[in-house]
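Residue numbers (the working numbering), protein chains in the order written: chain H, 1 to 136; chain X, 1001 to 1485.
Note that CB positions come from ideal geometry on N, CA and C, so glycine has one too.
Nothing here was measured: the structure is a model prediction, and the numbers come from that model.
Structural data, given as structure tokens:
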């Protein structure tokens, strides 16, 4: 959509390929990486408009990435979507994790697996609309 | 004797009598006469119905020693009642100081005797209760030394009396950091907590402990009583229920991840067909096949976990087993661009084991290694090698990869139930079951790994059949998969 750049962080190559195919088909530019370290490097090169991140990743978790981004002056306003397999547990975990990092704003959206293309696109569209509204 | 003294003598609320040297009763007060008869009788006949003086007669001793005597005796009244009495005698002297008579005073101690017996009985009952109560009871002083312990305590923890509690319960040489017995001493109130203690034979026991202060007559805390109830079975049950809960959560979480993979595959297949893009269809179909395969593995893992089946041990041809493994995993390796090699030393022969279980275990480990390579897309020459050597008394199988590797935490939790480092792809059952299969064969499995440098699994299976000595029936998760992904 209008060439918006999306960074997908997931250690499952199938899910990266899936998101990449759906988003690419709908006009997004997509880069997929498998862990948090690669995500931080990709931020510098790719300058994403939105980051989609899985929670459980090898090494540092997706929530770690969320906190890092929220505290970074450069990426603090970049919308971030968290992907999960266990919605309720994620909400509780997310809240307790963020509770130990006072002042950090939670994710812009939480997507529960399985994720169909319509939901994925709707979430990204809603985020883009909110940003456009805020900018105007 | 003045009249009023005679009246006092007469009305004294005890038995009073005066005896001569022949043990005749010269005088007796009213109560004495009522219960023992007329004056002039021999005392041994009046009290006991005897024909001669009693052994150790206090009157005789008073005449002999010239000093008062105190003793306890049982008298029999005229109407046949037996009365326990405390006897006090005192000599009566003439002006020249010669003992002319002995005065005897009997105090009825029936009530006191009854209370003493009741007290002794109560003490015995209390001691029996303390001894037989079906929990661990002990009393310790402020120095943490155990002063008393009941039978169950002694049977479980050994002869604990005189030992410090931390040595007895925990086999420690230092005091525990948190001690509720000391808290009861300090605050003078009961405390309750749960902990794990260790029996004399090394068994870990979950106990619910209540400590309460024991005060002396002045209200000071002198000792603390500790009551520990064995709740090991309850905790094991809870743990198994937790395992089931975690399993359900883990399965649900795993399935959602796999469904997302299937959605991805179907999306690519459908959109590929719409566009006539064969490459996209192929990519999507591979994704579908891969995720269906994962679902199959997951279901088989769950079925294996659900049924703790016995091994069907037979001679397993090792080279043949490796050939079967190659068939199962080779396509996955090829699809992932991974160089998969098998290196079986000539003449490895066979080993006693359950062929199906061993195949499942090795497939799990090989797939884990392939996944480790797939998870490291930056790796230039991803490689997985399986080598088999016969090193008596073991068959040693080494599975090595140069994939993503594991940090220490992952290594340590690798074989725990529901631990998965594979995010959406793992249920946390695969390597747990692999370890269980090796364990059941009496073998060992070790892992050497570093992040970024790959992993090396070394499996040793005994060439002589010997069942595992470790229990496998109770499956307690040592760690759980991080929920949420």
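>> So, at 6 Å on beta carbons, what are the nonlocal neighbours of residue 1188(X) in its own chain, with the 5 sequence-adjacent residues on each side left out?
In response: 1213 and 1221
> Helix, strand or coil: how does DSSP classify residue 1396(X) here?
Replying inline: strand
> Rounded C-beta distance between residue 1456(X) and residue 1449(X)? I'm assuming under 8 Å.
Replying inline: 7 Å
> Using the C-alpha atoms, what's the distance from residue 1138(X) back to residue 1170(X)?
Replying inline: Each residue's alpha carbon lies about 15 Å from the other.
> With burial defined as no fewer than 16 other Cβ atoms inside 10 Å of the residue's Cβ, what is the status of residue 1146(X): buried or exposed?
Replying inline: Under a 10 Å Cβ-count criterion, residue 1146(X) is classified as buried, with 16 or more other Cβ atoms of the shown protein chains found around its own Cβ.
> Is the distance from the Cβ of residue 1396(X) to the Cβ of residue 1386(X) below 9 Å?
Replying inline: no
> When you compare only the Cα positions, how much space is there between residue 1216(X) and residue 1224(X)?
Replying inline: 11 Å
>> Considering Cα atoms alone, identify which of 1084(X), 1101(X), 1097(X) and 1100(X) is closest to residue 1112(X).
In response: 1084(X)
>> Taking its Cβ as the centre, do 16 or more other Cβ atoms sit within 10 Å of residue 1019(X), making it buried, or is it exposed?
In response: buried
> Going along the chain, which unbroken runs of the beta strand (DSSP E) with 3 or more residues stay wholly within the region 1292 to 1340 of chain X?
Replying inline: 1314 to 1317
>> Given this structure, state the Cα-to-Cα distance separating residue 1369(X) from residue 1362(X), to the nearest angstrom.
In response: 11 Å
>> Using C-beta distances below 7 Å, list every residue in its chain close to residue 24(H), excluding the 5 sequence neighbours before and after it, in chain order.
In response: 30
> Start and end of the alpha helix (DSSP H) containing residue 1159(X)?
Replying inline: From DSSP, residue 1159(X) is part of no alpha helix (DSSP H); its letter is neither H nor E.
> Count the other CB atoms within 10 Å of the CB of residue 1008(X); is the residue buried (16 or more) or exposed (fewer)?
Replying inline: exposed
>> Applying the 10 Å Cβ sphere with the 16-neighbour rule, what's the burial state of residue 79(H)?
In response: buried
> DSSP on residue 1023(X), reduced to helix/strand/coil?
Replying inline: It is coil, neither helix nor strand.
> Taking all protein chains shown into account, do 16 or more other C-beta atoms lie within 10 angstroms of the C-beta of residue 1270(X), making it buried, or fewer, making it exposed?
Replying inline: exposed
>> Given a cut-off of 9 Å on the beta-carbon distance, is the pair residue 7(H) and residue 63(H) in contact?
In response: No; because the gap between Cβ atoms is not below 9 Å, this pair is not in contact.
>> For chain X, check one thing: does any of its Cβ atoms lie closer than 9 Å to the Cβ of residue 14(H)?
In response: yes
> Where does residue 1015(X) sit, in a helix, a strand or coil, going by DSSP?
Replying inline: strand
> Does the beta carbon of residue 46(H) come closer than 9 Å to any beta carbon on chain X?
Replying inline: no
>> Need the endpoints of the beta strand (DSSP E) that residue 114(H) sits in, please.
In response: Note, residue 114(H): premise wrong, no beta strand (DSSP E); not H, not E.
> When the cut-off is 9 Å and only beta carbons count, does residue 21(H) lie next to chain X?
Replying inline: yes
> Beta-carbon of residue 1451(X) versus every beta-carbon of chain H: anything under 9 Å?
Replying inline: yes
> Using a Cβ-Cβ cut-off of 6 Å (strictly less than) and excluding sequence neighbours within five positions of residue 1069(X), which residues of its own chain qualify?
Replying inline: 1058, 1061, 1062 and 1089
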